[in-house]
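K.L.:
So our numbering is basically just the index in the sequence shown, starting at one, shifted up by 4.
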Amino acid sequence: MTFGQSVSTCFSKYATFEGRASRSEYWWFFLFTLLASVASGIVSETLSALFSLGVLLPSLAVGARRLHDVNRSGWFLLLWFIPVVGWIVLILWAIQEGKEPNRF
C-alpha cells in the first residue's frame, strides 16, 4: 500500500474499528499524522490542535485494526495510557506481521 492509498483508506474508514490494517497502512498513516502535526504546529498552535482533533478518531480506528491484524483486541489501545511500558508493547505489536487467519 502506498502513502496516498494509506491516508485515503484511513480517512475513508475513519470510524471503522472492525477488520484489519496492514503494517504499511498503519505506518504510512502514522508518518502522515506526524509530518502534518509538525507542519501545522509550525504554522499555528491552534491549527495543530484542530488537526490533532481531526485525526484522533481515524488514528484510533487504524490502531484498533492494526491490533486485530496481529490477533489482539482493539481494547489494547488503552495500554497507551501506561507511560513507556505500554508504548513499547504497542509498538512491538504494531511492527509484527499478521501472518495467519485470526478471529478478526
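Cβ atoms here follow ideal geometry from the backbone N, Cα and C, with glycine treated the same way.
Owing to the predicted nature of the structure, the values given are computational and were not obtained by experimental measurement.
Tell me the DSSP secondary structure of PHE7 in three-state form.
P.N.:
Counting from 1 along the sequence shown, the entry for residue 7 is found at position 3. Helix, per DSSP.
K.L.:
Would you call PHE85 buried or exposed, if buried means 16 or more other Cβ atoms sit within 10 Å of its Cβ?
P.N.:
In the sequence shown, counting from the first residue as 1, residue 85 sits at position 81. Per the 10 Å Cβ criterion, exposed.
K.L.:
For THR50, count neighbouring C-beta atoms within 10 Å of its own C-beta (all shown protein chains included) and say buried if the count is 16 or more, exposed if not.
P.N.:
As a position in the sequence shown, residue 50 is number 46, starting the count at 1. Its Cβ having fewer than 16 others within 10 Å, THR50 is exposed.
K.L.:
Looking at ALA25 and ASP73, is the spacing between their C-beta atoms short of 8 Å?
P.N.:
Counted from its first residue, the sequence shown places residue 73 at position 69. Counted from its first residue, the sequence shown places residue 25 at position 21. Yes, the pair counts as a contact, with Cβ atoms nearer than the cut-off.
K.L.:
How close, in whole Å, do the beta carbons of ALA68 and GLY78 come, if the pair is a contact with beta carbons under 8 Å?
P.N.:
The residue labelled residue 68 in the question sits at position 64 within the sequence shown. The residue labelled residue 78 in the question sits at position 74 within the sequence shown. The pair is a contact, with the Cβ atoms about 3 Å apart (cut-off 8 Å).
K.L.:
Between LEU81 and the rest of its own chain, which residues show a CB-CB distance below 8 Å, the 5 nearest in sequence each way excluded?
P.N.:
Taking the sequence shown and counting its residues from 1, one reaches residue 81 at position 77. Closer than 8 Å at Cβ, skipping near neighbours: LEU64, GLY67, ALA68, LEU71, LEU94.
K.L.:
Excluding the five sequence neighbours on either side, which residues of its own chain have a C-beta within less than 7 Å of the C-beta of SER10, listed in chain order?
P.N.:
Residue mapping note: residue 10 aligns to position 6 of the sequence shown, counting from 1. Contacts found: SER28, GLU29, TRP32, PHE33.
K.L.:
For the alpha helix (DSSP H) that ARG76 lies in, which residues bound it at each end?
P.N.:
Here residue 76 corresponds to residue number 72 of the sequence shown, with the count starting at 1. No alpha helix (DSSP H) contains ARG76, which DSSP labels as neither H nor E.
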